[in-house]
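Protein chains in written order, with my numbering: chain X, 1 to 307; chain E, 1001 to 1307.
Right, one structure below, let's go through it.
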């Protein structure tokens, strides 16, 4: 069923202990689009880039079946740029540069052909922009998934709260869940956040896996223990892409199916971190994905006889 | 099948954000004994205390079916004492005081009736003491599980290495696994540690669950997301008790059964942290344990159709 992705399409410069890659394809919308492309069709994306953005990057999304008609190209504008450097443990990073450029005035316009989306994935963006997207849709999508970050909590609290009321599933990391709720315990944090609007909450814990809360239930998807994490950039967005991609493909938004979606999210994130940027994500095969799903089954499934 | 536990029986003074408990029953041997007592019989313990150690604490172990004939009481001696204070997040703590007392000269003597143990759990102790235990046993147990810590890696490396060669399963936390192997990636750390002697490695990650490595396989058991963690003291030892308790009960040391044992370990640890010291662990019912096992099943089990 149709998936609409709204999120940044951007340039990243990334430095890790393993090397440096400059001005590579990045952005939440890019990672979400690529990761979901292995699971569902059609995928439409709404974003903005500058005139400096190369056609080959847009073509890469098209090659993955993503309809890029909603990517506005601003004449004379420069594309959003982020530069970051990861610490040795790859669990933390410093942002070295952020140039909003065309993102500063981004006013999302949903093409008519995208209007009847059933699944909406709002990548991490200014809460006002996320709400402008929702305001344009004639019908409420079957499922609205929103990602956000601490920066918006610090600076755009009220707008974020309004957006949360329109959201079905919120995906944030553990620190953001603590900040949003004021609770240290993730279990308590989830209870509080689920009173703010979302019916489901996904807490991403990076190498420690992800939790799904909702309907008074909780499910945990592990992260795959990897020999090398090459570049964590985009892992959270790849996770979101795998998550909503599975839901859109199956058209089933039950808690049971969201559990499976969490595993698909973890699978996509585990691929993402294996190489720089989108390098790994652009060349996956169905066999590789299924083989990794099996690794997650082996990693976490057990038989238990009760005494 | 018979389980022999070697580990400290001690006094703890614990301060958490929720309160302070002074001179309460503690020690690795205590937690291992209590946790395993819900799963298997007979359980024999070898340890040492001073004359200051109250009978009621020994009685508590006896009440749980633990044979305490191997607890040496040193005339005029003082019992091992540890005091610690947890930080607000409960994930880190400061050791405020450590008084080895009778532990400084602990020379474990295995009573004749304990000699034919099939399962041996070596709690965190000086590596020399752990090896003295193994040296006394006329037959190698079916399974030797060893716990250790960074302090012994820093100060008794060679003796620890000798002990590891005699060990089947090593249980350590993530930081200790990194220190022991010199590898940051836990997957790489495990590969290296499994060349040092142990055939299986359990890496305890506290609130982030536990990993089991061995036979070129990996399994992950989540930790239960709890509203309140009251006192983490003894969680790792309760985990070890649940783990070896299940293995001793079933007599099955296959990787498949170790997965289940890891879940029992996580269940026992989840109870342990709910109250101060051993308070929660001494009053469990079979119904409570089974009900919590079911929560772990709900938390981590899923159905996945491959595409």
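Where is the CB? At the ideal position from N, CA and C, for every residue including glycine.
Note that the structure is predicted; figures quoted are calculated from it, not measured.
For residue i, which of helix, strand or coil comes out of DSSP?
i	result
residue 1304 (chain E)	coil
residue 1264 (chain E)	helix
residue 156 (chain X)	coil
residue 129 (chain X)	helix
residue 1021 (chain E)	strand
residue 1297 (chain E)	helix
residue 1033 (chain E)	helix
residue 1242 (chain E)	helix
residue 1 (chain X)	coil
residue 114 (chain X)	helix
residue 179 (chain X)	helix
residue 26 (chain X)	strand
residue 143 (chain X)	strand
residue 1107 (chain E)	coil
residue 223 (chain X)	coil
residue 274 (chain X)	coil
residue 1167 (chain E)	coil
residue 195 (chain X)	coil
residue 186 (chain X)	helix
residue 1291 (chain E)	helix
residue 162 (chain X)	helix
residue 124 (chain X)	coil
residue 256 (chain X)	helix
Can you have a look at residue i and say buried or exposed, based on whether 16 or more other CB atoms are within 10 angstroms of its CB?
i	result
residue 122 (chain X)	buried
residue 1204 (chain E)	buried
residue 1012 (chain E)	buried
residue 225 (chain X)	buried
residue 1140 (chain E)	exposed
residue 294 (chain X)	exposed
residue 1215 (chain E)	exposed
residue 1285 (chain E)	exposed
residue 96 (chain X)	exposed
residue 130 (chain X)	buried
residue 392 (chain X)	Since the first and last residues shown for chain X are 1 and 307, residue 392 (chain X) lies out of range.
residue 207 (chain X)	buried
residue 946 (chain E)	Any question about residue 946 (chain E) goes unanswered here, given that chain E covers just 1001 to 1307.
residue 1270 (chain E)	buried
residue 76 (chain X)	exposed
residue 1251 (chain E)	exposed
residue 259 (chain X)	buried
residue 1104 (chain E)	exposed
So is residue i in contact with chain A if we call contact Cβ pairs under 8 angstroms?
i	result
residue 1109 (chain E)	The displayed structure is made up of protein chains X and E, and chain A is not among them.
To which residues does DSSP link residue i through a beta bridge?
i	result
residue 1282 (chain E)	Paired residues: none, contrary to the question.
residue 1049 (chain E)	E:1073
residue 85 (chain X)	X:15 and X:94
residue 213 (chain X)	X:201 and X:218
residue 119 (chain X)	X:3 and X:143
residue 66 (chain X)	X:43
residue 1173 (chain E)	E:1204
residue 1099 (chain E)	E:1081
residue 10 (chain X)	X:26
Give every residue of the same chain whose Cβ lies closer than 6 angstroms to the Cβ of residue i, excluding the five residues on either side of it in the sequence, and list them in chain order.
i	result
residue 166 (chain X)	134
residue 168 (chain X)	143, 144 and 199
residue 81 (chain X)	11 and 99
residue 170 (chain X)	146, 198 and 201
residue 1083 (chain E)	1013, 1096 and 1097
residue 1245 (chain E)	1036, 1039 and 1040
residue 1015 (chain E)	1085
residue 1265 (chain E)	1239, 1242 and 1243
How many whole angstroms separate the CB atoms of residue i and residue j, which I take to be in contact at a CB cut-off of 8 angstroms?
i	j	result
residue 276 (chain X)	residue 230 (chain X)	6 angstroms
residue 1108 (chain E)	residue 1132 (chain E)	6 angstroms
residue 1247 (chain E)	residue 1119 (chain E)	6 angstroms
residue 1005 (chain E)	residue 1027 (chain E)	The pair is not a contact, with the Cβ atoms about 11 angstroms apart (cut-off 8 angstroms).
residue 1088 (chain E)	residue 1017 (chain E)	6 angstroms
residue 1237 (chain E)	residue 1031 (chain E)	4 angstroms
residue 50 (chain X)	residue 114 (chain X)	In fact, because the Cβ distance is near 22 angstroms, the residues do not count as touching under 8 angstroms.
residue 242 (chain X)	residue 267 (chain X)	6 angstroms
residue 1311 (chain E)	residue 1190 (chain E)	Residue numbering for chain E in the displayed model covers 1001 to 1307; residue 1311 (chain E) lies beyond these limits and cannot be assessed.
residue 1217 (chain E)	residue 1156 (chain E)	Contact doesn't hold; Cβ gap of about 31 angstroms is too wide.
residue 1182 (chain E)	residue 1127 (chain E)	19 angstroms between Cβ atoms; not a contact.
Cutting at 7 angstroms between CB atoms, please list the residues of its own chain near residue i, excluding the five before and the five after it.
i	result
residue 228 (chain X)	none
residue 1068 (chain E)	1045, 1058, 1061 and 1062
residue 1066 (chain E)	1033, 1037, 1043 and 1045
residue 220 (chain X)	209 and 211
residue 1055 (chain E)	none
Looking only at its own chain, which residues have a Cβ that is under 8 angstroms from the Cβ of residue i, when we skip the five neighbours before and after it?
i	result
residue 101 (chain X)	50, 77, 78, 79, 80 and 81
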